[in-house]
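2 protein chains.
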Amino acid sequence: MSYPAETVGILGLGLIGGSLARALRESGFSRRFIGYGYREPSLRRGVELGVIDDFTLDLGELIDRADILVICAPTLVAADLLRQILGKLQGVENGPVITDAASVKGNLLAAAKEACGGNVPPRLVLGHPIAGSERSGVDASDAALFRHHRVILTPVEGNEPAAVELVRAMWQSTGAEVVSMSVADHDEVLAATSHLPHLLAYALVDALAQSDASEDIFRCAAGGFRDFTRIASSDPVMWRDIAIANRDALLQSIDLFSEHLGRLRQAVADEDADGMQETFTRAKAARDQFAAILAERGQRSKAE
Amino acid sequence: MSYPAETVGILGLGLIGGSLARALRESGFSRRFIGYGYREPSLRRGVELGVIDDFTLDLGELIDRADILVICAPTLVAADLLRQILGKLQGVENGPVITDAASVKGNLLAAAKEACGGNVPPRLVLGHPIAGSERSGVDASDAALFRHHRVILTPVEGNEPAAVELVRAMWQSTGAEVVSMSVADHDEVLAATSHLPHLLAYALVDALAQSDASEDIFRCAAGGFRDFTRIASSDPVMWRDIAIANRDALLQSIDLFSEHLGRLRQAVADEDADGMQETFTRAKAARDQFAAILAERGQRSKAE
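These protein sequences, in sequence, are chains V and D. Residue numbers for the first sequence follow the numbering used here, so the first one is 1086 and each next one is one higher. Residue numbers for the second sequence follow the numbering used here, so the first one is 1086 and each next one is one higher.
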């Protein structure tokens, strides 16, 4: 039997890395999974669970053995790992294909260009699976995590077409829907749909927690508030790093939001009933349409 | 058998009014329920469903027959109904106790004082059940809607203690947890936990829907975005009216939030990792504590 990529190196074995290894083993995309990371207990646990076959603490060894390297570490660690990998591949002709699963793409592309004298490594294809779970760590890994979820690839000029195809095929074999966009578009879209909402939720909960009425506020809040603020329970270090990595797109996104909020504030202050109703109605229509997209995706998922 | 209030007049027979009538019939708080409203089909449907015994389109008749009047209409309609009721009760000594279920209290208190030459009617006790459903209308009414939910009463100086007690006993008989606070505190707390989040969700979805990348944005958004923006699917007219009725507290709330968002924006711009992590960590702690309160409430509800 032949495999699209015999050996996969997973850098960072948590929920995402572990779920990817499980999915690729199940789909028959690869037959050997080698873990690498800074936390040996996670790697040992991965072997115990049968998620990976083996692990190494030697990055050079990993690079030598793997056909494809998938960096599944948090945003800033991912950039650091990418720099190390590219450093070791200087002058190597046929190295492994390299991809990742981090939340921001611009900082990784910049790190790669810096490590390669301004050029994009032909076999580096950045990607981002839009999937997650409230649980974390390799124990929570799940072969079905990516099924019917989007994976965004951000290929660039200079990429080897075969490398792009391999990364696309890898994610498709997990059951994900793979789409492509530019690095800038990815970071803008993610700033808008994920990074900004996290910042707003953190800002709101922090503002209320510091107010004099905070006890009454949390005692009397209901379901709408619960849903709206759920993402404020996310990992502070992870979101700090994402905010740093996607600084420019996030700032643009904050400014766009603030401008719209400022207009709504003015409508409230002016008791501009028509203006408010117009905005709320337009927003409701967009949100209802988004809910329909999600419902359709859910239907497809159930129909299997 | 004797009833705390023999006859209840429900003004506005939708989800809230219908659920209240069902709950009070089940608890034995009252034995007769009379509907009143502008939409006769809802009232006919209420009789058909056995939610109310009877209805009238004559406000004077309703006032004459009821021991307690509960205004269950939307915010601005509620203020209008209250003015009409108080107009008809001018000079009457022992009228019915009056209460309501609207989302804002300050505008109703102001309307009442205006209708009564600056005085608070002794038998008017404003209230607000923090409960709802994605469904609406009398067909969705449910005797268990208020169970384990908060009801906030805002009694004022000049209220007859017996009237306050009757309204408290009414809500307690539905299984709700009744708390009291001042009108100003109520409106401030609700602005923070409900009215502001709705405005933020509307502003965010509207900003994104109008952006050039809106198609990619909604196509690539995931679970966190879905939860965060769910309330942007709420009724635009209802929220327009709430924003008008609670204008001052809402503006304060927007300004407090904007100040905090501005500080976070600065931290992002400065790549102030410590500042961001501190804010995110504080917010996460507050949100986790809130989740614990909700989980405990859920446990009590299941234990029945």
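Beta carbons are placed, not taken as given, at the ideal position from N, Cα and C, and that holds for glycine.
If we call anything under 8 Å between Cβ atoms a contact, is D:Val-1182 one with D:Ala-1269?
Not in contact: D:Val-1182 and D:Ala-1269 (Cβ atoms no closer than 8 Å).
Given a limit of 7 Å on CB to CB distance, which residues of the region 1352–1371 of chain V reach chain D?
Hits within the stretch, in order: Val-1353, Ala-1354, Glu-1356, Ala-1358, Met-1361, Gln-1362, Thr-1364, Phe-1365, Thr-1366, Arg-1367, Ala-1368, Lys-1369 and Ala-1371.
Of the residues V:Leu-1285, V:Met-1255, V:Ser-1343 and V:Gly-1243, the one placed nearest D:Ala-1292, counting alpha carbons only
The candidate whose alpha carbon is nearest that of D:Ala-1292 is V:Ser-1343.
When you compare only the Cα positions, how much space is there between D:Asp-1297 and D:Ile-1327?
Those two C-alpha atoms are separated by around 31 Å.
Look at D:Ala-1197 and D:Leu-1171 and say whether their C-beta atoms are less than 8 Å apart.
D:Ala-1197 is a Cβ neighbour of D:Leu-1171, given a cutoff of 8 Å.
Segments assigned alpha helix (DSSP H), at least 4 residues, entirely inside the region 1090–1119 of chain D
Secondary structure within the region 1090–1119 of chain D: the alpha helix (DSSP H) runs of 4 or more consecutive residues, fully enclosed, are 1100–1112 (chain order).
Residue-level contact to chain D via CB, V:Leu-1285, 8 Å cutoff:
Answer yes: the Cβ-Cβ gap between V:Leu-1285 and chain D drops below 8 Å somewhere.
Quick one: measure Cβ to Cβ for V:Leu-1336 and D:Ala-1358, integer angstroms, because I've assumed they're closer than 8 Å.
Actually they are not in contact, since the Cβ atoms of V:Leu-1336 and D:Ala-1358 sit about 16 Å apart, beyond 8 Å.
Just verifying my parser: in three-state terms, what is the DSSP assignment at V:Arg-1213?
It should be pointed out that residue 1213 of chain V corresponds to His in this sequence rather than to Arg. Three-state result, V:His-1213: strand.
Within 8 Å, strictly: CB atoms of V:Glu-1356 and D:Ile-1153:
Contact: no.
Is D:Tyr-1121 helix, strand or coil when you go by DSSP?
Taken through DSSP and simplified to helix, strand or coil, D:Tyr-1121 comes out as strand.
Helix, strand or coil at V:Phe-1140 according to DSSP, with G and I counted as helix:
Secondary structure of V:Phe-1140 (DSSP, three-state): strand.
Residue from V:Ala-1288, V:Gln-1169 and V:Leu-1209 with nearest C-alpha to V:Glu-1250:
V:Leu-1209 is the residue among V:Ala-1288, V:Gln-1169 and V:Leu-1209 whose C-alpha sits nearest the C-alpha of V:Glu-1250.
Do V:Val-1241 and V:Val-1205 count as a contact pair if the criterion is CB distance below 8 Å?
In this structure, the beta-carbon distance from V:Val-1205 to V:Val-1241 falls below 8 Å.
Using a Cβ-Cβ cut-off of 8 Å (strictly less than) and excluding sequence neighbours within five positions of V:Leu-1285, which residues of its own chain qualify?
Hits under 8 Å: Phe-1342.
To the nearest angstrom, how far is it from the Cα of D:Ala-1108 to the Cα of D:Val-1136?
Their Cα atoms are separated by approximately 10 Å.
Straight-line CA distance for D:His-1233 to V:Glu-1300?
Our two residues, D:His-1233 and V:Glu-1300, have alpha carbons roughly 18 Å apart in a direct line.
Exposure of V:Glu-1273, with buried meaning 16 or more beta-carbon neighbours within 10 Å
Of the residues assessed, V:Glu-1273 falls on the buried side of the cut-off, its CB having 16 or more other CB atoms within 10 angstroms.
I think D:Lys-1173 touches D:Leu-1194, with their Cβ atoms under 8 Å apart; what is that distance to the nearest whole Å?
So it is not a contact: roughly 19 Å between Cβ atoms.
Per DSSP, D:Val-1155 is paired with what?
Beta bridge pairing from DSSP links D:Val-1155 with D:Ile-1095 and D:Thr-1184.
If the criterion is Cβ atoms closer than 8 Å, does the pair D:Ala-1277 and D:Ser-1338 meet it?
Yes, the pair counts as a contact, with Cβ atoms nearer than the cut-off.
Skipping 5 residues on each side, what residues in its chain have a beta carbon closer than 7 Å to that of V:Ala-1317?
Residues Ala-1286, Tyr-1287 and Val-1290 of the same chain have their beta carbon placed closer than 7 Å to that of V:Ala-1317, with the five preceding and five following residues left out of the count.
Secondary structure, alpha helix (DSSP H): runs of 4+ residues fully inside the region 1267–1348 of chain D:
Taken in chain order, the complete alpha helix (DSSP H) segments of 4 residues or longer contained in the region 1267–1348 of chain D are 1268–1275, 1281–1294, 1299–1305, 1308–1314 and 1321–1330.
Let me confirm a value: D:Arg-1124 is counted as buried when at least 16 other C-beta atoms fall within 10 Å, else exposed. Which label applies?
With fewer than 16 other Cβ atoms within 10 Å, it is exposed.
Kindly indicate if chain V contains any beta-carbon less than 8 Å away from that of D:Cys-1305.
Yes, contact with chain V.
Could you tell me whether any Cβ in chain V is nearer than 8 Å to the Cβ of D:Arg-1311?
A Cβ of chain V is located within less than 8 Å of the beta carbon of D:Arg-1311.
According to DSSP, is D:Arg-1235 helix, strand or coil?
In the three-state scheme derived from DSSP, where H, G and I count as helix and E and B as strand, D:Arg-1235 is classed as strand.
Within this structure, are the beta carbons of D:Val-1223 and D:Gly-1094 separated by less than 8 Å?
No, the Cβ-Cβ distance between D:Val-1223 and D:Gly-1094 is not below 8 Å.
With DSSP run on the structure shown, which of helix, strand or coil describes D:Ser-1265?
Assigned with DSSP and collapsed to three states, D:Ser-1265 falls in strand.
Chain D contact residues for V:Val-1322, given Cβ-Cβ distances below 7 Å:
Within 7 Å Cβ-Cβ: Gln-1362.
Proximal residues to V:Gly-1180 (C-beta, below 8 Å), its chain only, five neighbours per side dropped:
Closer than 8 Å at the Cβ level, and outside the excluded window around V:Gly-1180, lie Ile-1148, Leu-1174 and Arg-1208.
Excluding five sequence neighbours on each side, which residues of the same chain lie with their C-beta closer than 6 Å to the C-beta of D:Thr-1184?
The answer, listed in chain order, is Val-1155, Val-1210, Gly-1212 and Val-1252.
Beta-carbon spacing of V:Ala-1307, D:Ile-1215 below 8 Å
Contact annotation: V:Ala-1307 and D:Ile-1215 have beta-carbon atoms nearer than 8 Å.
Using a Cβ cut-off of 8 Å, pull out every chain V residue sitting near D:Pro-1126, in sequence order please.
Under the 8 Å cutoff, chain V gives no residues; its nearest Cβ is about 24 Å from D:Pro-1126.
Under 8 Å, CB to CB, which of the residues in the region 1119–1150 of chain V have a partner in chain D?
Those residues of the region 1119–1150 of chain V that come within reach of chain D (Cβ to Cβ, closer than 8 Å) do not exist; the list is empty.
State yes or no: is the beta carbon of D:Ile-1302 nearer than 8 Å to at least one beta carbon in chain V?
It does: the Cβ of D:Ile-1302 has a partner Cβ on chain V nearer than 8 Å.
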